[in-house]
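First up is the structure itself, then whatever we jot down about it.
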Amino acid sequence: MTQNTDSNLLNATNGQAVTEQQVLIAGGGHVGLSFALLLAHHGIASTLLEKSSYPTISPTDDSTRSHYLDSRNTALSRRTVQIYQEIGLWDELHSHACRIDAVQISEQGSFGRAQLNKAKEKVESFGQVMENAWLGRKLLLAAQQSPLITLIDHANVTAVTQQTDGVTLSFSYYGEEEHEQQLQASVLVACDGRDSTVRQLLDIGTTTHDYEQTAIVGVVETDKPHEHVAIERFSPAGPLAVLPLTDPEGDGNDEYQKGYRRSVVWICPKGEETQYLADDAHFLATLQQGFGQRAGKFVAAGRRGAYPLTRVLADKQVAGRCVIMGNAAHTLHPVAGQGFNLCMRDAHVLAQMLSAQVLRGEDIGDRQLLKRYEQARQTDQKRVIRFCDAVVHGFTHPNPAVKLARNVALVAFDKLPNIKPLVANYAMGLKS
1 MTQNTDSNLL NATNGQAVTE QQVLIAGGGH VGLSFALLLA HHGIASTLLE KSSYPTISPT
61 DDSTRSHYLD SRNTALSRRT VQIYQEIGLW DELHSHACRI DAVQISEQGS FGRAQLNKAK
121 EKVESFGQVM ENAWLGRKLL LAAQQSPLIT LIDHANVTAV TQQTDGVTLS FSYYGEEEHE
181 QQLQASVLVA CDGRDSTVRQ LLDIGTTTHD YEQTAIVGVV ETDKPHEHVA IERFSPAGPL
241 AVLPLTDPEG DGNDEYQKGY RRSVVWICPK GEETQYLADD AHFLATLQQG FGQRAGKFVA
301 AGRRGAYPLT RVLADKQVAG RCVIMGNAAH TLHPVAGQGF NLCMRDAHVL AQMLSAQVLR
361 GEDIGDRQLL KRYEQARQTD QKRVIRFCDA VVHGFTHPNP AVKLARNVAL VAFDKLPNIK
421 PLVANYAMGL KS
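First residue of the sequence shown? That's 1 in the working numbering, and the numbers climb one at a time after it.
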């Protein structure tokens, strides 16, 4: 158990501690921590439970990148950046953020290609790419320092019980079943991942689709500076995204710190990932074949991870006083980089609705309020899900007619007026 929990324990009955908080959050990953910080920004207290153990982090820890080629990364949309700016966290994050000034899309061996440029679209950037480890570190530090957030790690959720005026969450410290405790609140928000325990305890079903693909994620170094360009390349080996990253001592904005690190997300058929994980030379050679010289020469690769890809959609996102959020609500294909950003928009909207309810002096766990949240998010969620699936199926289908159609579509996207600003605004999360 980490900080501040003792001050919240109100009583003990039959060996079970009971506490009262306005909001309980199950799952302390990036979405759960961000949601707790959004609530704190509105003056709403929360208790956050995480199954894993949080690392010990000091604000004075060395902030340099200690693992130059060993990291997973997230592309933050402009809307996500704005949300972190709203809660005063972006100043802590931006030193490790690498902006995207241009996006290039093409298919190997085909005529279709398109490009987005920030100057032509009149935007500051299309988003920022950041190491997951850095984002998580700063979110955790901010949560630890907030008097409105109580963190409990090593917590294994065992039961959820709803009453007319509240919800009770039972949990045990991981591996210590005899120390079961209970927390009570007005509302429970589950951000506990694709295989959500809370979702299962609430008997909420899911609709799943196995893409029969695996995402290989890692960091590479090239001999050509990235110049803040993100490249989406479709090849017979699978869709491939290469995104700009900061270097150990700079963000690519300085003449002497041009930026040679790039984040890679490569989608390959399930079962083919082993050959790319075990052999750096083979991995780099395959990247080179798929990219040509667009990114320069791939000269080094870090440790890579492989993640089977399955779309998981919760059959509903609200049950009584419980809200399903994050990957527990919708786990999407990573090809368009929309999953985390969609989750952040969900979290932002719910925090605003709960804040308005507090200002009215009304129950933040009101079932009708939570249903209104669920309905309010449907348009954005459905649009993003359809878009991700269209990209996956449209750019992996081997049929020559489909290949021709997608290349024509790329050319049309690149040349026809008024299409780019519309698509760019959707991709940046500025329109839903």
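For every residue, glycine included, the Cβ atom is placed at its ideal position computed from N, Cα and C.
Assigned with DSSP and collapsed to three states, T286 falls in helix.
Rounded to the nearest angstrom, the Cβ distance from L202 to V167 is 10 angstroms, too far for a contact under 8 angstroms.
Per DSSP, reduced to three states, the secondary structure at R294 is coil, with no helix or strand assignment. Collapsing the DSSP output to three states places H226 in coil. I267 sits in a strand when the DSSP states are folded into three classes.
With at least 16 other beta carbons inside 10 angstroms of its own, K138 counts as buried. Of the other Cβ atoms in all chains shown, 16 or more fall within 10 Å of the Cβ of H226; this residue is therefore buried.
No Cβ-Cβ contact shorter than 8 angstroms links Q200 with R321. Counting only runs that start and end inside the segment 76-135, the alpha helix (DSSP H) elements of at least 4 residues fall at 78-86, 90-93, 118-121.
Annotation for L369: M353, Q357 place their beta carbon closer than 7 angstroms to its own, counting only its chain and skipping 5 residues before and after.
Contact between A114 and I105 holds: their C-beta atoms lie close to 5 angstroms from each other, under 8 angstroms. When rounded, the separation of the alpha-carbon atoms in W90 and L313 is 30 angstroms. Of R386, W134, I87, K120, the smallest CA-CA separation from I57 is found for W134. For F234 against E107, the beta-carbon gap comes to about 4 angstroms, under 8 angstroms, which counts as contact. In the displayed model, Q338 falls within coil according to three-state DSSP, outside both helix and strand. If you draw a 10 Å sphere on the C-beta of R262, you find 16 or more other C-beta atoms in it, and that means buried. Distance between V323 and L33, taken at the CA atoms: about 15 angstroms.
Judged by beta-carbon spacing, C268 lies beyond the 8 angstroms limit of G302, meaning their Cβ atoms are not closer than that value.
Ranked by Cα distance from L141, the options V265, M325, G28 are led by G28. Runs of the alpha helix (DSSP H) lying entirely within the segment 298-374 and spanning at least 4 residues, in chain order: 339-359. DSSP places Y276 inside the alpha helix (DSSP H), whose first and last residues are 273-278. Shown here, D195 sits in coil according to DSSP, grouped into three states, outside any helix or strand. Comparing alpha-carbon positions, the option among I100, Y260, V335 lying closest to A230 turns out to be I100.
The C-alpha of R360 lies about 17 angstroms from the C-alpha of Y373. For S34, the enclosing alpha helix (DSSP H) has its first and last residue at 30-41.
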